Amino acid sequence: MDDRISDARFGAGVDPAYLAPDYVGTRLRAPRAPLVIVPETLSERTGPVYGEAALAPTDADLTRQHAGEPLGERIVVSGRVLGADGRPLASQLVEIWQANAAGRYRHEVDRHDAPLDPNFSGAGRCLTDAEGRYRFVTVKPGAYPWRNHHNAWRPNHVHLSLFGSAFTERLVTQMYFPGDPLLQVDPIFQSIRDPAARERLVSAFALDLTEPEWALGYRFDIVVGGRAATPEDRDDD
Ligand SMILES: [Fe+2]
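Sequential numbering of the sequence shown, starting at 7, is according to my numbering.
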């Protein structure tokens with residue numbers, strides 16, 4: 007996406023404010039001077055992007071990446087990736103990463119006193135099909151504390167990254183779950199000022215994606231660019 011679009015989205019409250027004082031990390035990292043717009047050149051539009059390597063069959067099923075199954079509530083997360091004009095974007099690399107069911111990341115800086123799961127890495131990827139559809143099988147991530155303020159807990163969420171067809175189309179965001187009481191008190195979610203844009207980060211429970219005797223389904227469509235764009239959620243918490 008180019009910078010003019012990004013600026014318009016920011017002005018409309020779609021993307022989170024760079025400085026959101028309640029989200030303590032932004033106090034240090036928010037830019038203090040106007041951004042310098044770097045002109046887009048052919049190399050940004052045509053440069054290589056990641057994701058050309060072949061995907062393994064288990065990349066999109068986070069419950070089958072180890073010898074045993076991870077603990078937790080098995081879920082299906084699926085949706086479509088759409089362009090600003092509503093057209094499906096085929097062959098898009100969608101990557102996800104998340105905490106395990108206990109709210110712990112398999113990462114050395116995660117010191118939350120919750121167990122790791124030897125059968126869960128928490129990362130997956132897949133390509134969208136001809137209709138822009140993607141589908142992951144995983145377990146519902148747990149909420150976790152993050153020390154932003156006293157008694158701060160992140161809502162259940164799945165991080166997502168889309169590379170698009172060039173570096174300038176990169177989208178990093180988060181998917182939340184419907185009815186989560188922590189959304190109202192989460193400074194990261196609340197740093198997106200437009201309530202309608204915030205709601206676009208909340209998935210919908212979907213009975214048609216739910217598989218009998220097996221897993222609940224959640225639908226999360228992702229719109230890259232335009233007025234109905236899925237907001238960025240740049241944090242790494
Ligand atoms: Fe997270």
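Heads up, the beta-carbon is just placed ideally off N, CA and C, and yes, glycines get one too.
Please read all numbers here as calculations on a predicted model, not as lab measurements.
### Query
Is any heavy atom of ligand 1 found at a distance shorter than 7 Å from the C-beta of residue 163?
yes
#### Entry: Within 8 Å, strictly: CB atoms of residue 18 and residue 200
Contact flag set, yes.
### Query
In or out: residue 138 buried (at least 16 other Cβ within 10 Å) or exposed?
buried
### Message
Any heavy atom of ligand 1 closer than 7 Å to the beta-carbon of residue 108?
### Response
no
#### Entry: C-beta atoms of residue 81 and residue 221 nearer than 8 Å
yes
### Task
Counting only the same chain and skipping the five closest in sequence on each side, list residues whose C-beta sits under 6 Å from that of residue 68.
130, 144
### Task
Check the DSSP bridge columns for residue 103 and list the partner residues they point to.
129, 165
### Distance cut-off 7 Å: residue 160 Cβ against heavy atoms of ligand 1
yes
### Task
State yes or no: is the C-beta of residue 105 nearer than 7 Å to some heavy atom of ligand 1?
yes
#### Entry: Close Cβ partners of residue 84 (< 6 Å) along its chain, the five nearest in sequence each way excluded
141, 215
### Task
Out of 70, 165, 39, point me to the one whose CA is closest to residue 124's CA.
Looking at the Cα atoms, 70 is the closest of the given residues.
### Task
Please classify residue 148: is it buried, with 16 or more other beta-carbons within 10 angstroms of its beta-carbon, or exposed?
Under this definition residue 148 is a buried residue.
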